[in-house]
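Student: There's a structure below that I have some questions on.
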Amino acid sequence: MKKLLTAALLFTIISLQGVFGFAADAATISVSQFVEHPALDAVLLGFQDYLKEKGIEVKYNIHNAQANMGTATQIAQQMIGEKADLLVAIATPSAQTCVQSLSKAPAYLKRPLLFTAVTDPVAAGLVKDLQQPDPGITGVSDLLPIEEHIKMVLSYKSGIKKLGLLYNAGEANSKATIASIKALRDKLGFETVEATASKTADVYQATKSLVGRVDAIFIPTDNTIISALESVIKVGVQNKLPIFAADVDSVKRGAVAAMGFDYYKHGYQTGAIAERILKGEKPETIPVQFQEDLQLHINAKYSEQMGVTPPEALLKKATKVYQ
Amino acid sequence: MTLYAALGAIEQGLVYGIMVIGVYLTFRILDFPDLTVDGSLPLGAAISAVAITSGINPFLSLLFALAGGFMAGMVTAFLNTKFKILHLLASILTMIALYSINIRIMSGPNVALLGVDTVFDSVTRLGVPSHYAGLIIFGGFALLVLFFIIWFLSTELGQAVLATGDNPQMIRSLGVNTGTIIILGVGLSNGLVALSGALVAQNQGAADVGMGIGTIVAGLASVIIGETVFGCRTMGRAFTAALLGSIVYRLAIALALGLEFGTFRFNPSDLNLITALLVIGALITPNLKKRLIQR
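If you read the protein sequences in the order shown, they are chains A and B. Position one of the first sequence corresponds to residue -14 (the working numbering), numbered consecutively onward. Position one of the second sequence corresponds to residue 30 (the working numbering), numbered consecutively onward.
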């Protein structure tokens, strides 16, 4: 009995030390971001702000692959060598390289991985089951409720029968979104016309190819098109063709309306999971999360310029209206 | 730079080194600036990834990738030699066509290879820790390619390739069809690039249509670093230098990733700038050394 008590006491002391030890020095977090991009930058900022607000002291090692897959692989290896308490991967390619490098790392270097801004974690091979992620891995998906979104677009202006879809066929995220939009065609009664651009320089021309063939244009969360959004807006204004986007950040830049979420909040939500993992929860016990907090942003000024008046019902629902 | 990151950089240097050997063959030996590589690297990755996910042996998939890259290179050389399209333009045309072709091969922009059997599993099954498997496989393949190319250039056919680059008029007068030799050489070069892409994809866990961007930049940088730092007096030395140049280039990136002075740290977005500066440093050091010794 005495031995048992001593053992229990010893165990308590050791585990308490563990807790205090953690509180005493800052946690380190290594971040791999795939590319500089307003939405992805916002994710990182939201993530850091959450942890700051909670008073969690963190030392960051932040890396950016500048859109190069080879560099992303090297970053993953660099991060494993940094022996941080938590690895964070922003966007699909970064997450894939981190998962692969972690699977090859020796056991003593393995660290929990948190992915964010990934549309389809299962198709990307990151986890097999969203509810029970693979050991050491969990994250937040930025999958959009696409049906609600398309319904909003169709109700914005009467007579939208042909919807132009503008995207880069080389982006996995866009391909997933486009497939789910096309699956809705019969149900909601509209047709689609697609135009693709493989780099930002081709976006203007691709947009022009849709003029006269469609009643409105919808842009998914596509890195290439969003980078050259201004050229799309210009074509929309010139031809009175309303441009809809899938991310609310684009509304400020001139898209008529978008339903979606703030990527800052996406990062904020990711931060909350990071807090749980740093406090000792096992990642595999945290199901992959989706963004709950949906917003509607409307740009009234550009709506007029593109020849549409925002419907009253939507204006009432909107979280933000740009005049 | 942590030890783990350094090992990772050497690993990347070896696998991209296979690509650099291919680039050296066109750029220096054949005097044929070839931009097809930006498309043939992801082509190899795509072929290998699709083959593996449909149940084909990962080693066999490398052969398919090699063949696919060979054909892509042949198209470029064919456009150049038979239709007299300028080599730069011919290779650009093949490269942009490959972008669409790669998406078709993968029926999408990205094929995940996480959790499937790759060439690395054959080594880890022998009991090698998985973080050394990459070094062993890539080192093995890089050396194999290096010895093959040096042997090939010593054969009669290889000598014809060398002469086609050096003095096409002379070799034509000996009755060799330089067009055929160029098609063979550019094909071989792109075959190696595709092989490198296939190995890269198996290592990073995904084939992605965007992974070829910047291949030629890395390839040329590595070739020049190799020549400047390690010299190129003999054929064997030149190709070895190309491979080593690739490792130096990747080490520069790894160094840039972990660079900090006390509490000062660079912005993550400065990565490409720092990499460029480090490479410049590597390039001018031999020159400076020579000047100092002369004084």
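Here a beta-carbon is modelled for each residue, glycine too, at the ideal position from N, C-alpha and C. Here the structure is a predicted model, which is why all the values come from computation and not from measurement.
Reducing DSSP to helix, strand and coil, say where LYS147(A) ends up.
Tutor: strand
Student: Would you mind giving the Cβ-Cβ distance between MET135(B) and VAL79(B), rounded to the nearest angstrom? I have them listed as a contact below 8 Å.
Tutor: 6 Å
Student: Would THR123(A) pass as a contact of ILE41(A) if the rule is Cβ separation under 8 Å?
Tutor: For THR123(A) and ILE41(A), no; Cβs fall outside 8 Å.
Student: Note down, in chain order, every chain B residue with its Cβ under 8 Å from the Cβ of HIS48(A).
Tutor: Those within 8 Å of HIS48(A) in chain B are LEU286, PRO297 and LEU300.
Student: Quick one: Cα of SER288(A) to Cα of LEU111(A), how far?
Tutor: 40 Å
Student: Do we get a CB-CB distance below 8 Å when we pair THR123(A) with the residues of chain B?
Tutor: no
Student: How should ASN278(A) be labelled, buried or exposed, when 16 other C-beta atoms within 10 angstroms of its C-beta is the threshold for buried?
Tutor: The amino acid at residue 278(A) is misidentified as Asn; the sequence shows Asp. Exposed, since its Cβ has fewer than 16 Cβ neighbours within 10 Å.
Student: Are the CB atoms of THR304(B) and ALA267(B) nearer to each other than 8 Å?
Tutor: no
Student: Is LEU127(B) near the ligand MG - that is, is its Cβ less than 7 Å away from at least one heavy atom of it?
Tutor: In terms of ligand content, the structure shown is empty, and the ligand MG therefore cannot be addressed.
Student: Runs of 4 residues minimum, wholly inside the stretch 174 to 260 of chain A: which ones carry the alpha helix (DSSP H) assignment?
Tutor: If we require 4 residues or more, the alpha helix (DSSP H) runs fully inside the stretch 174 to 260 of chain A come out as 188 to 193, 208 to 212, 214 to 223 and 234 to 237.
Student: So, does the CB of GLY66(A) fall closer than 8 Å to a CB anywhere in chain B?
Tutor: True, the Cβ-Cβ gap to chain B drops below 8 Å.
Student: Are THR162(A) and ILE202(A) close, meaning C-beta to C-beta below 8 Å?
Tutor: Between THR162(A) and ILE202(A), the CB-CB gap reaches or exceeds 8 Å.
Student: Cα separation between TYR307(A) and ASN284(A)?
Tutor: 5 Å
Student: DSSP three-state label for GLY6(A), please.
Tutor: The predicted position of GLY6(A) is uncertain, since its pLDDT is 41 and thus under 50; no value can be drawn from it.
Student: On the premise that THR269(B) lies in contact with LEU312(B), defined as a C-beta separation below 8 Å, what is that separation, rounded to the nearest angstrom?
Tutor: Actually they are not in contact, since the Cβ atoms of LEU312(B) and THR269(B) sit about 18 Å apart, beyond 8 Å.
Student: Locate the alpha helix (DSSP H) running through PHE88(B), then write down its first and last residues.
Tutor: 87 to 112
Student: Secondary structure at GLN231(B), three-state DSSP: helix, strand or coil?
Tutor: helix
Student: Indicate whether at least one CB of chain A lies closer than 8 Å to the CB of PRO158(B).
Tutor: yes
Student: Name the chain B residues whose beta carbon is nearer than 8 Å to that of GLU21(A)?
Tutor: SER298
Student: Between the alpha carbons of ILE212(B) and ALA106(B), how many angstroms are there, rounded?
Tutor: 5 Å
Student: When we look at the beta-carbon of PRO158(B) and count the other beta-carbons within 10 Å, is it buried (16 or more) or exposed?
Tutor: The residue is exposed, with fewer than 16 neighbouring Cβ atoms inside 10 Å.
Student: Closer than 8 Å between beta carbons: that is the criterion. Which residues of the stretch 160 to 185 of chain B meet it against chain A?
Tutor: Answer set for the stretch 160 to 185 of chain B: HIS160, ALA162 and GLY163.
Student: With a threshold of 16 other CB atoms inside 10 Å of the CB of TYR53(B), please say whether the residue is buried or exposed.
Tutor: Buried, since its Cβ has 16 or more Cβ neighbours within 10 Å.
Student: Determine contact between the stretch 72 to 92 of chain B and the stretch 171 to 178 of chain B, defined as no fewer than three beta-carbon pairs at a distance below 8 Å.
Tutor: The stretch 72 to 92 of chain B vs the stretch 171 to 178 of chain B: no contact.
Student: ASN232(B) versus chain A: which residues are under 8 Å apart at the beta carbon?
Tutor: THR58 and GLN85
Student: Terminal residues of the continuous alpha helix (DSSP H) containing ILE178(B)?
Tutor: 159 to 183
Student: Flag this pair as yes or no: are the beta carbons of PRO227(A) and LYS302(A) separated by less than 8 Å?
Tutor: no
Student: Excluding sequence positions up to five away, which residues of its chain have a Cβ less than 6 Å from the Cβ of LEU143(B)?
Tutor: GLY234
Student: In terms of residue numbering, what span does the alpha helix (DSSP H) encompassing LEU25(A) cover?
Tutor: Where LEU25(A) is concerned, the enclosing alpha helix (DSSP H) stretches over 23 to 38.
Student: Under the three-state reduction of DSSP, which class applies to GLN274(A): helix, strand or coil?
Tutor: strand
Student: Are any of the Cβ atoms in chain B nearer than 8 Å to that of GLY110(A)?
Tutor: Answer yes: the Cβ-Cβ gap between GLY110(A) and chain B drops below 8 Å somewhere.
Student: Am I right that LYS193(A) and VAL220(A) are in contact with their C-beta atoms under 8 Å? What's the rounded C-beta distance?
Tutor: 6 Å
Student: Below 8 Å on the Cβ atoms is my guess for THR244(B) versus ASP67(B); work out the distance and round it to an integer in Å.
Tutor: 5 Å
Student: Relative to the alpha-carbon of PRO78(A), which residue among ILE65(A), THR104(A) and LYS95(A) has its alpha-carbon at the smallest distance?
Tutor: The residue with the shortest Cα to Cα distance from PRO78(A) is THR104(A).
Student: Please check if any C-beta of chain B sits within less than 8 Å of the C-beta of LEU94(A).
Tutor: yes
Student: Going along chain C in order, which residues have a C-beta closer than 9 Å to the C-beta of GLU156(A)?
Tutor: The chain inventory of the structure shown lacks chain C, comprising the protein chains A and B.
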